[in-house]
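A.B. asks:
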Amino acid sequence: MIRVAVVDDQAPVRKGLAFVLNTQSDITVVATCASGDEVFALDLSAIDVMLLDLYMPGTDGLAVLRGIGPATKALMLTGVGRDTDIRAALSLGASGFVLKDSTGSELASAVREVHSGMTVISPVPATY
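To convert, note that position 17 of the sequence shown is 17 in UniProt numbering; the numbers rise steadily by one, no gaps.
Below, the structure is given as structure tokens:
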């Protein structure tokens, strides 16, 4: 079973992602967080893959990546990413990027691939 944490400040997105992932027989959402700050209270050893919103108010995805270190596999969530932020996230150890509007099967596949050690990069519309 792949244990996932979903971190997104938007409740409908967070709940929707958790619902979709929990329909998979090999994935279970073990934690949801409404802010980057909440991540630091989690037992990271109980999480296999963290779905992490890149842009959140307060402690954003980049700050969370700096705090959790590369041992936790982080799959970044974004709608539109600044090229510099995408590069920064990858250099901080992110295992990839998926779009927030990915289908449930695309999202589940990305989680499985990251869990198996692969890097996943969805075609992300970038701003410069």
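All C-beta atoms, glycine included, are put in the ideal place defined by N, C-alpha and C.
Return helix, strand or coil for Asp37, following the three-state DSSP convention.
C.D. replies: Reading the sequence shown from its first residue, position 37 is the one you call residue 37. Helix.
A.B. asks: Work out the CA separation of Gly36 and Ala89 for me, nearest whole Å.
C.D. replies: Position 89 of the sequence shown, counted from the start, is the residue given in the question as residue 89. Position 36 of the sequence shown, counted from the start, is the residue given in the question as residue 36. Going from the Cα of Ala89 to the Cα of Gly36 covers about 14 Å.
A.B. asks: Alpha carbons only, please: which of Phe19, Ala18, Gly67 is nearest the one belonging to Ala41?
C.D. replies: Numbered from its first residue, the sequence shown carries residue 41 at position 41. Comparing Cα-Cα distances from Ala41 to each of Phe19, Ala18, Gly67, the minimum goes to Gly67.
A.B. asks: Among Ala108, Ile86, Phe97, which residue has its Cα nearest to the Cα of Ser25?
C.D. replies: Position 25 of the sequence shown, counted from the first residue, corresponds to residue 25. Ranking the options by Cα distance to Ser25, first place goes to Ala108.
A.B. asks: Drop a sphere of 10 angstroms on the beta-carbon of Arg87, count the other beta-carbons inside from all chains shown, and report buried for 16 or more, exposed for fewer.
C.D. replies: Numbered from its first residue, the sequence shown carries residue 87 at position 87. Counting Cβ neighbours within 10 Å, Arg87 comes out exposed, since fewer than 16 surround it.
A.B. asks: Pick helix, strand or coil for Val80, following the three-state DSSP scheme.
C.D. replies: Counting from one through the sequence shown, the residue named residue 80 turns up at place 80. Here Val80 sits in coil by DSSP.
A.B. asks: Shortest alpha-carbon distance to Met1 belongs to which of Leu62, Ile47, Leu51, Ala63?
C.D. replies: By one-based count along the sequence shown, residue 1 stands at place 1. Nearest C-alpha to Met1: Ile47.
A.B. asks: For Ala34 and Pro123, what's the separation of their Cα atoms in angstroms?
C.D. replies: Taking the sequence shown and counting its residues from 1, one reaches residue 34 at position 34. Taking the sequence shown and counting its residues from 1, one reaches residue 123 at position 123. Rounded to whole angstroms, Ala34 to Pro123 spans 25 Å at the Cα level.
A.B. asks: In terms of alpha-carbon separation, which member of Thr23, Val7, Val120 lies closest to Asp60?
C.D. replies: Locating residue 60 in the sequence shown gives position 60, where the first residue counts as 1. Of the listed residues, the one whose Cα sits closest to Asp60 is Val7.
A.B. asks: Given Val49, which residues of its chain have a CB within under 7 Å of its CB, disregarding the five upstream and five downstream residues?
C.D. replies: On the sequence shown, position 49 is the one that residue 49 refers to. Around Val49: Ile2, Val4, Lys73, Leu75, Val111, Val114, His115.
A.B. asks: Could you check the C-alpha separation between Val9 and Ser91 for me, to the nearest Å?
C.D. replies: One-based indexing of the sequence shown puts residue 9 at position 9. One-based indexing of the sequence shown puts residue 91 at position 91. According to the sequence provided, residue 9 is Asp. The question's Val does not apply to it. Each residue's alpha carbon lies about 23 Å from the other.
A.B. asks: What does DSSP give as the partner residue(s) for Asp53 in the beta ladder?
C.D. replies: Your numbering for residue 53 matches position 53 in the sequence shown. Leu77, per the DSSP bridge assignment.
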